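Notes follow the structure.
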Amino acid sequence: MRLTPTQMAWRAAQDITDGAYVNLGIGLPEMVAKFQPPGRKAIFHTENGILGFGEAPEAGLEDWDLINAGKKAVTIKPGTAFFHHADSFAMVRGGHLDVAILGAYEVAETGDLANWSTGPKGVPAVGGAMDLVHGAKRVAVITDHVTKDGQPKLLRRCTLPLTGVGCVTRVYSSLAVIDIEGGQFVLREKLPGLSLDALQAVTGAALHVQGAVADLIVPEL
Amino acid sequence: MDKTVTDPAAAVAGIADGMVVMIGGFGGSGAPIELIHALIDRFIATGHPKGLTVINNNAGNGHVGLAALIEVGMVAKLICSFPRSADPVVFTEAYLAGKIELELVPQGTLAERIRAGGAGIPAFYTPTSFGTDLARGKPVEVFEGRSYVQERWLKADYALVKAHLGDRLGNLTYRMAARNFNPLMCMAAAVTVAQVSRIVAPGEIDPEAVITPGIFVQGVVQIANPAQEETLNRAGARYPEVAK
Numbered sequence: 542m543r544l545t546p547t548q549m550a551w552r553a554a555q556d557i558t559d560g561a562y563v564n565l566g567i568g569l570p571e572m573v574a575k576f577q578p579p580g581r582k583a584i585f586h587t588e589n590g591i592l593g594f595g596e597a598p599e600a601g602l603e604d605w606d607l608i609n610a611g612k613k614a615v616t617i618k619p620g621t622a623f624f625h626h627a628d629s630f631a632m633v634r635g636g637h638l639d640v641a642i643l644g645a646y647e648v649a650e651t652g653d654l655a656n657w658s659t660g661p662k663g664v665p666a667v668g669g670a671m672d673l674v675h676g677a678k679r680v681a682v683i684t685d686h687v688t689k690d691g692q693p694k695l696l697r698r699c700t701l702p703l704t705g706v707g708c709v710t711r712v713y714s715s716l717a718v719i720d721i722e723g724g725q726f727v728l729r730e731k732l733p734g735l736s737l738d739a740l741q742a743v744t745g746a747a748l749h750v751q752g753a754v755a756d757l758i759v760p761e762l
Numbered sequence: 039m040d041k042t043v044t045d046p047a048a049a050v051a052g053i054a055d056g057m058v059v060m061i062g063g064f065g066g067s068g069a070p071i072e073l074i075h076a077l078i079d080r081f082i083a084t085g086h087p088k089g090l091t092v093i094n095n096n097a098g099n100g101h102v103g104l105a106a107l108i109e110v111g112m113v114a115k116l117i118c119s120f121p122r123s124a125d126p127v128v129f130t131e132a133y134l135a136g137k138i139e140l141e142l143v144p145q146g147t148l149a150e151r152i153r154a155g156g157a158g159i160p161a162f163y164t165p166t167s168f169g170t171d172l173a174r175g176k177p178v179e180v181f182e183g184r185s186y187v188q189e190r191w192l193k194a195d196y197a198l199v200k201a202h203l204g205d206r207l208g209n210l211t212y213r214m215a216a217r218n219f220n221p222l223m224c225m226a227a228a229v230t231v232a233q234v235s236r237i238v239a240p241g242e243i244d245p246e247a248v249i250t251p252g253i254f255v256q257g258v259v260q261i262a263n264p265a266q267e268e269t270l271n272r273a274g275a276r277y278p279e280v281a282k
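Chains A and B supply the protein sequences, listed in that same order. So for the first sequence, our numbering puts the first residue at 542; every next one is plus one. So for the second sequence, our numbering puts the first residue at 39; every next one is plus one.
Following this line, the structure appears as structure tokens:
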């Protein structure tokens, strides 16, 4: 039993407050936008220079001057703002975003993140990943708890090339919600049927418990 | 003063072998496709310019625009943040064959290096890339308890950009997210040429709406209905067209 990617995105969305400025990484994190709780409206930022953009247009109505960082067509809505790339990354590095939510290959208990390179093969590409991990007030990661081969993705130290050092503050995994505090993984929520021992067995660094651990309960989606 | 240039060929005529050329756009949005194709036309006709260093966020998509510039062999080095796309085959093959050099730069650092180049700031410190492979060999300083990496300005001989409206003095507006790197590149090049959908008389652009002031622009060329990379790629276009 583990959460689907959609369910992880739902869980991450519950922590975004009304009016928060949020950057969602390309891919899985983009799904978070669909699950904002009723009554809350975050303002989404995309690196290529839009704040407060709307959903994808209908097929055939794309305007290719109006795209997000994943180069997918988006729309404008009342309150949208356009700006150039230096202003866009001033919003990122300058500490103006409330939350950035990213994917991960590996996360270390130190808060180090590896999410841009799986090694020296092929063509390297970094995009905005290394910028996004700096400056947002919260940097959260959505990730399966283990790799496709069942190996832990939450580790004492990352083995892959780093995206940033000591940058991640919370992990939404397929099994648990874990904060990173003082160089430790602190368990906040876990799936109700999962024992602490079983969770620890698939985690590559010590899980610390401070106070109650809540049940991670997510609707069927 | 009139910065109007008659056609794309004239706009790119001054670009010589080995020059550093900034090309605006993020993917297809804001990419000056007609200026790039004019540069390719000159290369096909004369063998020049070649050995260019190109600065762009990406590395082209499909077989048009920047990808075509790489495919015909005009680019010796690319400085970019994300050399992947829906169809990155041209850059990928050139890179893996050792035919093109790549300097990979985080996207925000790329933007700020260009801005710094235009603003006369030779170096600056950023938290981005600290502790990563992309910071190797770069000076690090601690400010208020955090570590920052020194990055240097980027400047160019030419910038080729796409804007929406331009007046004869070079004042420019942009369309939506097609702004992206274009205003920064206008500042950072010795010569900036902008292709615009319409050239208007001075005064027709509200001064409050000017995004790039004309001081940063040396030439404006009108391309009334500019091609869009995404549309060309969906149609399977190649540049220059393959003889059938």
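C-beta atoms are modelled at their ideal positions from N, C-alpha and C, and glycine is treated no differently. All values derive from a computational prediction rather than experimental measurement.
Within the 8 Å Cβ cut-off, does Met60/B reach chain A? no
Listing by chain order, which chain A residues have their CB less than 7 Å from the CB of Ser235/B? Correct list: empty, because the minimum Cβ distance to chain A is about 11 Å.
Would you say Glu730/A lies against chain B (beta-carbon separation less than 8 Å)? By this cut-off, Glu730/A is not an interface position.
Using the Cα positions of Leu716/A and Gly590/A, report the straight-line distance between them to the nearest angstrom. 35 Å
Helix, strand or coil for Met225/B per DSSP? helix
Helix, strand or coil at Lys731/A according to DSSP, with G and I counted as helix: strand
Just list the residues that DSSP pairs Val284/B with in beta bridges. One cannot answer for residue 284/B here, as it falls past the ends of chain B, which runs 39 to 282.
Just to confirm my understanding: we take Val674/A, look at its own chain, exclude 5 residues before and 5 after, and list those with CB closer than 8 Å. What are they? Ala641, Leu643, Leu654, Val680, Thr704, Gly705, Cys708 and Val709
Gly62/B versus Ile74/B - alpha carbon distance: 10 Å
Could you pull the start and end residues of the alpha helix (DSSP H) that Ser629/A belongs to? Segment His626 to Arg634, the alpha helix (DSSP H) holding Ser629/A.
Chain B contact for Pro665/A (CB, 8 Å cutoff): yes
Over the uninterrupted beta strand (DSSP E) stretch that includes His586/A, give me the two end residues. Ile584 to Thr587
Where does Lys282/B sit, in a helix, a strand or coil, going by DSSP? Here the model assigns Lys282/B a pLDDT of 42, short of 50, so the residue's position is not dependable and the matter cannot be decided.
Can you find a CB in chain B that lies within less than 8 Å of the CB of Leu484/A? Lying outside 542 to 762, the shown extent of chain A, residue 484/A is not represented and no answer is given.
Go through the region 690-718 of chain A residue by residue and report every complete run of the beta strand (DSSP E) that reaches 3 residues or more, in order. 711-714
Between the Cα of Ile108/B and those of Leu90/B, Gly68/B, Asn263/B and Val234/B, spot the shortest distance and give me the residue it belongs to. Leu90/B
Going by C-alpha to C-alpha distance, which of Asp685/A, Ala554/A and Gly691/A sits closest to Lys582/A? Ala554/A
Beta-carbon separation of Val615/A and Phe630/A under 8 Å? no
What is the residue span of the alpha helix (DSSP H) that His75/B lies within? Ile71 to Thr84
Does the beta carbon of Val706/A come closer than 8 Å to any beta carbon on chain B? Cβ-Cβ to chain B under 8 Å: yes for Val706/A.
Taking the CB atoms as reference points, tell me whether Ala215/B and Asp628/A lie closer together than 8 Å. no
Just to confirm, are Ile683/A and Ala561/A a CB contact at a threshold of 8 Å? no
Do the CB positions of Pro121/B and Ala97/B come within less than 8 Å of each other? yes
In terms of residue numbering, what span does the beta strand (DSSP E) encompassing Tyr562/A cover? Tyr562 to Leu565
Which residues of chain B have a Cβ atom closer than 7 Å to the Cβ of His626/A, listed in chain order? Ala149, Asn218, Phe219 and Leu222
Using 8 Å as the Cβ pair cut-off and three pairs as the minimum, do the region 266-277 of chain B and the region 232-246 of chain B touch? no
Residues near Met39/B by beta carbon distance below 8 Å, same chain, minus five either side: Arg206 and Leu207
So does the region 692-699 of chain A actually touch the region 727-734 of chain A, counting three or more Cβ pairs closer than 8 Å? no
Going by beta carbon distance, what residues of the same chain come within less than 7 Å of Gly752/A, once the five residues before and after it are set aside? So the list is empty, once near-sequence residues are dropped.
Please look up how many angstroms separate the CB atoms of Tyr163/B and Val143/B, rounded, as I've assumed it's under 8 Å. Incorrect: roughly 15 Å between the Cβ atoms, too far for contact.
Taking the alpha helix (DSSP H) that Phe129/B falls in, what are its first and last residues? Residues Val127 to Leu134.
Select from Val759/A, Gly691/A and Ala645/A the residue whose C-alpha is nearest the C-alpha of Leu740/A. Gly691/A
What residues of chain A sit near Asp171/B, judged by a beta carbon separation below 8 Å? Ser658, Pro702 and Leu703
Helix or strand or just coil, what does DSSP make of Phe64/B? strand
Integer Cβ distance of Asp125/B from Gly100/B, believed to fall under 8 Å: 5 Å
Could you confirm whether any beta carbon from chain B is found closer than 8 Å to the beta carbon of Lys612/A? yes
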